[in-house]
Amino acid sequence: MDHLLSPTRLGGLTLHNRIVLPPMTTRLSGPDGHVSQREAAFLGARARGGAGLVVVGPFAASTSLQGADGLLRIDDDRFQPGVAGLVTALHGAGARVGAQVTAGQGRLAGPGTEPVSASRVTTPDGRRCRALRGEEIEGLVAEVAAAARRLVDVGVDLLDIDARAGGLVDQFLTPLWNERTDAWGGDLPRRAALLVALVVAVRAAVPGTPVSVRLTLDQHLSGGRELDTSIEIARLLAGAGVDLVAAEEGAAELPYLVAPDYHQPAGAHLAAAARLRAEVGIPVLVAGATTVQQADEAIAAGRVDLVGLGRALVADPDLPAKLAARRGRARPCVRGNSCLDAVRSGRALRCAVNPLAGAETALAVRPVARPGHVVVVGADRRASRPRGSPRSGATSWTCTRRSRGWAVCWPARPARASVPSCWTWWPGTAASWRRPGSRCTSSAPCGWARACWPPRGRWCWPRGRVPSGPTSPGWTGRRCSTCSTCTVPPWVRAS
Ligand SMILES: Cc1cc2nc3c(=O)[nH]c(=O)nc-3n(C[C@H](O)[C@H](O)[C@H](O)COP(=O)(O)O)c2cc1C
Ligand code: SF4
């Protein structure tokens, strides 16, 4: 892992390794937008675990048009002291600190806030957006620049501008949502005018501080933006002086691509990011189910410069330290996206395999005074955490209907390759769980027993659990020949 762990420079900034905690909405802070102790403890654990760069946020730069929607806020000086304390703590733990600033969510903003966008497009729940006026757009640019200044004043080392996943800036970039004919819409340079204006304004507000742009390279939406266009946008950004493109794929409608779930291949966004780097020559950060081996090889080959290991660090904050020490195996993320589901439904981040994630201020694992063998009956994976300690001698026997289906069926499914890795990481799990091809012998019904299996072509959700909305993982735009319940959502580009 020498390449992943090697130091690098970005603008005037030195990072002690190439591992980045990418920005993640956690909803660990209160509704008032101040940094909470919970948020600070969550991020602090990842900084102490050895990530070279921790990107905090997103921070709402403006609340004049839409609410902050549960995000951290930096639209006023009164939020600075909380951020200053956080930055000092993260620096003290050895990490460099980035901050993502967002101009807003536009058509994706939750109910209770006026939907605005580049044009009069509809929101996912069918409301009509108001097209922003020219002076409002200019006001937003000024607010983002002021927010950047506030963040750098309290010690932030890198500014990341949100142009991703169908948020407001992405709505300007993409003809699907931008039907304007003025200076902010039309051909590509005019659709990119807002993003370029943000970059120019932020650079002027914080001279000398590296600026990155979080850019979706391929939205995978019908009528959405594809890689070729994103490469042209990246050229404009390079011309405007951006130091780093933080690449990702997907859209809010396709969250299982943004944070690739277990149906997606490992390193799902690597190829697109590498192509952008090769064609534009700008430093690139990639995040998207990248394994540490892929990350190391991609950096060695000069395909990317930095790698975001978001959920991997949620599952195990000590992953970088374990790699550096060449001791201990990191607890694997199973890519089931419980974390994402939680924050998307307005709850605080949680992790299916790491009960401490988001609960660092409340929980701690300590060695027991007198070692013994413990059997936890009826517990789910979170409750049975003690078996994560090799010395605890704990066994967990799960006996709920749901767990029985999971425990025995999952390893039998190749699509769930990441799941057995987690079961074997935990000592004390039943041997049959690890045996490839094992079958559930239970007569009790469970979700997976009814699954469409084998999947024809692509995976779809088990029958009876077919999701009703666009946010569900597993949608591929294909109808599985076994399952008659699926329909093809119109927003998915057939691939
Ligand atoms: C719970 C959660 C919240 C996220 N919130 C944001 C966000 O607010 N801004 C952003 O740029 N990316 C966000 N992301 C995307 C991550 O930064 C990252 O790109 C994604 O998880 C893929 O990387 P990974 O496979 O290493 O986790 C979020 C991801 C998750 C899982
Ligand atoms: S909740 Fe699931 S996807 Fe999210 S970090 Fe934990 S294991 Fe990974």
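The letter at position 23 of the sequence shown is residue 46 when you use our numbering, and the numbering goes up by one with no holes. We treat Cβ as the ideally placed atom computed from N, Cα and C, and that holds for glycine. These figures come from a predicted structure and were not determined experimentally.
Check	Outcome
Sequence-distant residues of its chain with Cβ nearer than 6 Å to P468 (five each side left out)	Summary for P468: the model assigns pLDDT 32, below 50, so the residue's position carries little reliability; its value from the coordinates is reported in the next sentence. So the list is empty, once near-sequence residues are dropped.
C-beta contact flag for E302 and I256 at 8 Å	no
Proximal residues to G264 (C-beta, below 6 Å), its chain only, five neighbours per side dropped	R226
L332: CB within 7 Å of a non-hydrogen atom of ligand 1	yes
C-alpha gap between Q194 and M47, whole angstroms	20 Å
First and last residue of the uninterrupted beta strand (DSSP E) at Q123	R119 to T125
For L174, three-class secondary structure by DSSP	helix
Runs of alpha helix (DSSP H) wholly within the stretch 284-314 (minimum 4 residues, chain order)	293-303
Complete alpha helix (DSSP H) runs within the stretch 140-191 (minimum length 4 residues, chain order)	157-176
Beta-bridge pairing of T31 - partner residues as DSSP gives them	L38
Status (buried if at least 16 other CB within 10 Å, exposed otherwise) for T111	exposed
Contact the stretch 354-371 vs the stretch 45-65: 3+ CB pairs below 8 Å	yes
E166 Cβ short of 7 Å to ligand 1 heavy atom set	no
Among A122, A289, T145 and L240, the one whose alpha carbon lies nearest that of V307	L240
Ligand 2 heavy atom lying under 7 Å from the CB of S142	no
Stretch-stretch touch, CB-based, cutoff 8 Å, three pairs: the stretch 97-115 with the stretch 55-67	yes
Residues of its chain near A168, where Cβ-Cβ distance is below 6 Å and the 5 sequence neighbours each way are ignored	A224, V225 and A228
R358 Cβ short of 7 Å to ligand 2 heavy atom set	yes
Same chain, Cβ closer than 6 Å to P212, neighbours up to 5 away in sequence not counted	none
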